[in-house]
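Enquirer: Take a look at the following structure, please.
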Amino acid sequence: MQYSYNNFYEILTKVAKQSPNQIAIFDEKEKLKYHELKQNVDKVAAYLQLCGVNFGDKVAMAVANSKEFIISYLAITAIGAVAVPMNTFLKTNEFEYILNDCGARVLFASSSLAKELIALSELEILRKIIWIGQTPKKLQSASKDDYVSVDEEYGESAYLSSTPQISKEDMSKGYENNGVVKNVNFSEALNHKYTLSITKYPKIDDLMHIIYTSGTTGKPKGAMISYKNIFSNVIGAHERFKVKKSDRFIVFLPMFHSFTLTAMVLLPIFSGASMVLVRSVFPFSNVLKQTLLKRVTVFLGIPAIYTAIGKAKIPWYFRWFNRIRLFVSGAAPLAKQTIDDFRVKFPRATLVEGYGLSECSPVVAANLFDKQKLLSVGPALNGYEVKIVDDEMMELPVGQIGEIIVKGDCVMQGYYGMPGVTDETIINGWLKTGDLGKIDEEGFIYIVDRKKDLIISKGINIYPREIEEVIYKLEAVEAAAVIGVKDVHADEEVVAFIQVKEGMDLDEKTVREHLKKNLANFKIPKSIYFAEELPRNATGKVLKRVLKEQIKDKI
């Protein structure tokens, strides 16, 4: 496929020039027009240059939903640096692993996450933390002497809001001259005298961002996504969803998620459309309120959201006066009952189900407007190939169940720093998804199950092995197994089974306290069962399907 653009900064520049007064972002009571968005992006990008961020450097983000997330992301990529958005529900040690793995030298951080992030100031690899919101008081108390100059030659400190012009030669000294982490406020990045000067623009095959997705080994893997990957996705989604400049996308799912970032942030910017930001999905009544007040036309959600909407008592005025033309569901298959309930409540709108994964940027397929098939995620986006294969990578006949593999410009460059795992995942350009499915004679894809033990809870991927490894750190644990079991809403709950060593004691309270110290809350099992012995096969492998059968009626 041929592309008219090399990078996303070109898109932002074009939209800001052609539609300067178009609202880019509705953020609570604030509005940000496209020309204002570009001005802010340029300011923050210039500040990153001042800090010594160079082309290809990794800049991490632990940022909650906000206009600052969008500004920061676009600023990072504008200068050819690589954005690393992180799951905001992680714990300190999980953030630390990702920062060390990708080698990020700068971190954008939401003050609302300070409890888990303050300790990162001690990380040797980090040279600057830019706080969005109120800078934590613990860090505000630092003496001005604790701040080291951006470039000692000029004698100006990053502690000051006014910074001088510096030469391109000296610009890269920012990291090396910093002896300690400089905790500054985001306002510093917006209020300075330095002018953005880009001498090297990203090319289509350059890296745009890295999305970390937990692996079956328990360690997160960084999916490397290029500009080509993103352009292929937003162009394909733009065509499939028939996006218009007049559309308004509501953004309430976490922006760090690949689905939200591509389909709810980058897609509307590419299309010159508007984003309506909601800081949190809770209370959900506020999501509905903003949908109505801001005249939202495109609503993207996950199955748990649509299940809740289908069962909830939606006000009659919302059902009849909303402007939504399109509902899109991703992250996991919708239950038939959810689809039926939803279409009864919103007969005028189209509900489109799609399929994707982080390694594919992420959208692979989505249903068509004029032709949909029940329980299908539709055909692949234009330019992508999808096959169903057996364990030997041989293509299976139409209608037969096998592993889904994908080929096209959406396929990631690989896993960061993991060439061996990359080679196992991408074979001759075909990405092995680990998902089981089938394709009919018209190319419509049906997701049947997941080949791996991946758990999807509220749209977020959870890998059992990672949780099991934490449980095994408890001395009294003989064996552990973690599974996902569907609840009444067709969402998955995390369930753990533990076999205690003979002669030792272990209770649920102790296990939960241990898990809370080492894992994000969404990974902590909702139910914990103690068993005298876990069921195993002849080779000693725990039979998780047996465990699922044992408790399926208890959830």
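Numbering of the sequence shown is given in this note's numbering, commencing with residue 497 and proceeding in unit increments.
We put the beta carbon where it would ideally sit given N, CA and C, even for glycine.
1. So, using beta-carbon positions, are Ile-952 and Pro-960 closer together than 9 Å?
2. With which residues is Tyr-708 paired in a DSSP beta bridge?
3. Are the beta-carbon atoms belonging to Val-602 and Ile-575 less than 9 Å from one another?
4. Whole angstroms are fine: how far does the CA of Lys-587 sit from the CA of Lys-1013?
5. Look up Asp-983 in the DSSP assignment and say whether it is helix, strand or coil.
6. Flag this pair as yes or no: are the beta carbons of Tyr-505 and His-688 separated by less than 9 Å?
7. Counting C-beta neighbours from all protein chains within 10 Å, is the total for Leu-609 16 or more, i.e. buried, or is it exposed?
8. Could you name the residues that DSSP lists as bridge partners for Asn-957?
9. Taking the alpha-carbon of Met-751 as reference, which of Gln-868, Glu-564, Cys-906 has the nearest alpha-carbon?
10. Quickly, what does DSSP pair Gln-995 with across the bridge? List them, please.
11. Based on the DSSP output, what are the partners of Ile-884 in its beta bridges?
12. Can you give, in chain order, each stretch of the beta strand (DSSP E) that sits fully within the stretch 555-636 and has at least 3 residues?
13. Are the beta-carbon atoms of Leu-570 and Leu-595 separated by less than 9 Å?
14. Quick check: the stretch 922-939 against the stretch 956-970, are there 3 or more CB pairs under 8 Å?
15. DSSP three-state call for Gly-670: helix, strand or coil?
16. Can you say whether Ser-663 is buried or exposed, counting buried as having 16 or more other CB atoms within 10 angstroms of its CB?
17. Terminal residues of the continuous beta strand (DSSP E) containing Leu-773?
18. Tell me, which residues are paired with Lys-934 by DSSP?
19. What three-state label does DSSP hand Tyr-851 in the structure shown?
20. In whole angstroms, what is the alpha-carbon distance linking Ser-754 and Met-760?
21. Could you work out which residue in Val-794, Glu-735, Arg-623 is closest to Ser-742 when comparing CA atoms only?
22. Pairing CB atoms from the stretch 806-818 with CB atoms from the stretch 836-851, are three or more of them under 8 Å?
23. With Asn-863 and Ser-872 assumed to form a contact (beta carbons below 8 Å), what rounded beta-carbon distance in angstroms separates them?
24. Please name the residue or residues paired with Trp-926 in a DSSP beta bridge.
25. Looking at Val-580: is its Cβ nearer than 9 Å to the Cβ of His-705?
26. Taking the beta strand (DSSP E) that Phe-1026 belongs to, which residues open and close that run?
27. So what's Arg-1041 in DSSP terms, helix, strand or just coil?
28. Decide if Ser-825 is buried, meaning its Cβ has at least 16 other Cβ atoms within 10 Å, or exposed.
29. Just tell me which of Ser-515, Ile-810, Lys-717 has its CA closest to the CA of Pro-915.
30. Across which residues does DSSP place Gly-879 in a beta bridge pair?
31. For Val-894, collect the residues of the same chain with a Cβ closer than 7 Å to its Cβ; drop the 5 residues on either side in sequence, then sort them by chain order.
32. Among all the DSSP beta bridges, which residues are the ones paired with Lys-678?
33. With C-beta atoms as the reference, is Phe-745 less than 9 Å away from Met-720?
34. In whole angstroms, what is the alpha-carbon distance linking Tyr-671 and Ile-621?
35. Assess, as a yes-or-no matter, whether the stretch 721-736 is touched by the stretch 697-704 under the definition of 3 or more beta carbon pairs within less than 8 Å.
Expert: Short version:
1. Translated into positions along the sequence shown, residue 952 becomes position 456. Translated into positions along the sequence shown, residue 960 becomes position 464. No, they are not a contact pair.
2. Along the sequence shown, read from residue 1 onward, the residue named residue 708 stands at position 212. Answer by DSSP bridge pairing, in chain order: Gly-718.
3. For the purposes of this step, residue 602 is identified with residue 106 of the sequence shown, where counting begins at 1. For the purposes of this step, residue 575 is identified with residue 79 of the sequence shown, where counting begins at 1. No; because the gap between Cβ atoms is not below 9 Å, this pair is not in contact.
4. Taking the first residue of the sequence shown as position 1, residue 1013 is located at position 517. Taking the first residue of the sequence shown as position 1, residue 587 is located at position 91. Approximately 8 Å, taken between the alpha carbons.
5. Within the sequence shown, the letter at position 487 stands for residue 983. Coil, per DSSP.
6. As a position in the sequence shown, residue 505 is number 9, starting the count at 1. As a position in the sequence shown, residue 688 is number 192, starting the count at 1. No, the Cβ-Cβ distance between Tyr-505 and His-688 is not below 9 Å.
7. Start at 1 with the first residue of the sequence shown, and residue 609 comes out as number 113. It counts as buried.
8. In the sequence shown, counting from the first residue as 1, residue 957 sits at position 461. Bridge partners of Asn-957: Ile-952.
9. Along the sequence shown, read from residue 1 onward, the residue named residue 751 stands at position 255. Per the Cα distances, Glu-564.
10. Here residue 995 corresponds to residue number 499 of the sequence shown, with the count starting at 1. DSSP, once it has assigned bridges, lists Ala-975 as partnering Gln-995.
11. Mapped onto the sequence shown, residue 884 falls at position 388. Beta-bridge pairing links Ile-884 to Ile-900.
12. Taking only runs of at least 3 residues, the beta strand (DSSP E) segments lying wholly in the stretch 555-636 are 578-581, 602-606, 624-628.
13. Taking the first residue of the sequence shown as position 1, residue 570 is located at position 74. Taking the first residue of the sequence shown as position 1, residue 595 is located at position 99. For Leu-570 and Leu-595, no; Cβs fall outside 9 Å.
14. no
15. Here residue 670 is taken as the residue at index 174 of the sequence shown, counted from 1. Caution applies to Gly-670, whose pLDDT of 45 falls short of 50 and renders its modelled position unreliable; the value that the coordinates give is listed next. Here DSSP, grouped into helix, strand and coil, assigns Gly-670 to helix.
16. As a working note, residue 663 is residue 167 in the sequence shown. Bear in mind that a pLDDT of 41 at Ser-663, under 50, signals an unreliable position, so the number given afterwards is only what the model happens to contain. So Ser-663 ends up on the exposed side.
17. Indexing the sequence shown from 1 puts residue 773 at position 277. Here the beta strand (DSSP E) through Leu-773 covers 770-773.
18. Position 438 of the sequence shown, counted from the start, is the residue given in the question as residue 934. Lys-934 pairs with Tyr-942.
19. As a working mapping, residue 851 is identified with position 355 in the sequence shown. Strand, per DSSP.
20. Along the sequence shown, read from residue 1 onward, the residue named residue 754 stands at position 258. Along the sequence shown, read from residue 1 onward, the residue named residue 760 stands at position 264. So the two alpha carbons sit approximately 10 Å from each other.
21. Here residue 742 refers to the residue found at position 246 of the sequence shown. For the residues Val-794, Glu-735, Arg-623, the minimum Cα distance to Ser-742 belongs to Val-794.
22. yes
23. As a working mapping, residue 863 is identified with position 367 in the sequence shown. As a working mapping, residue 872 is identified with position 376 in the sequence shown. Right, their Cβ atoms sit about 7 Å apart.
24. Stepping through the sequence shown from its first residue, residue 926 is reached at position 430. Under the DSSP definition of a beta bridge, Trp-926 partners with Ile-923.
25. As a working note, residue 580 is residue 84 in the sequence shown. As a working note, residue 705 is residue 209 in the sequence shown. Contact flag set, yes.
26. To locate residue 1026, count along the sequence shown from 1; it is residue 530. Its beta strand (DSSP E) spans residues 1023-1026.
27. Working through the sequence shown from its first residue, we reach residue 1041 at position 545. Correct three-state label for Arg-1041: helix.
28. The residue labelled residue 825 in the question sits at position 329 within the sequence shown. Under this definition Ser-825 is a buried residue.
29. Mapped onto the sequence shown, residue 915 falls at position 419. Distances from the alpha-carbon of Pro-915 to those of Ser-515, Ile-810, Lys-717 put Lys-717 closest.
30. Position 383 of the sequence shown, counted from the start, is the residue given in the question as residue 879. Looking at the DSSP assignment, Gly-879 forms no beta bridge with any residue, so it has no partner.
31. In the sequence shown, the residue the question calls residue 894 occupies position 398. Result list for Val-894: Ile-935, Asp-936, Glu-937, in chain order.
32. Taking the sequence shown and counting its residues from 1, one reaches residue 678 at position 182. Looking at the DSSP assignment, Lys-678 forms a beta bridge with Lys-624.
33. The count along the sequence shown starts at 1 and reaches residue 745 at position 249. The count along the sequence shown starts at 1 and reaches residue 720 at position 224. For Phe-745 and Met-720, no; Cβs fall outside 9 Å.
34. For the purposes of this step, residue 671 is taken as the residue at position 175 of the sequence shown. For the purposes of this step, residue 621 is taken as the residue at position 125 of the sequence shown. The predicted model places Tyr-671 with a pLDDT of 45, which falls under 50 and marks its position as unreliable; any figure quoted below should be read in that light. Going by the C-alpha atoms only, they are around 10 Å apart.
35. yes
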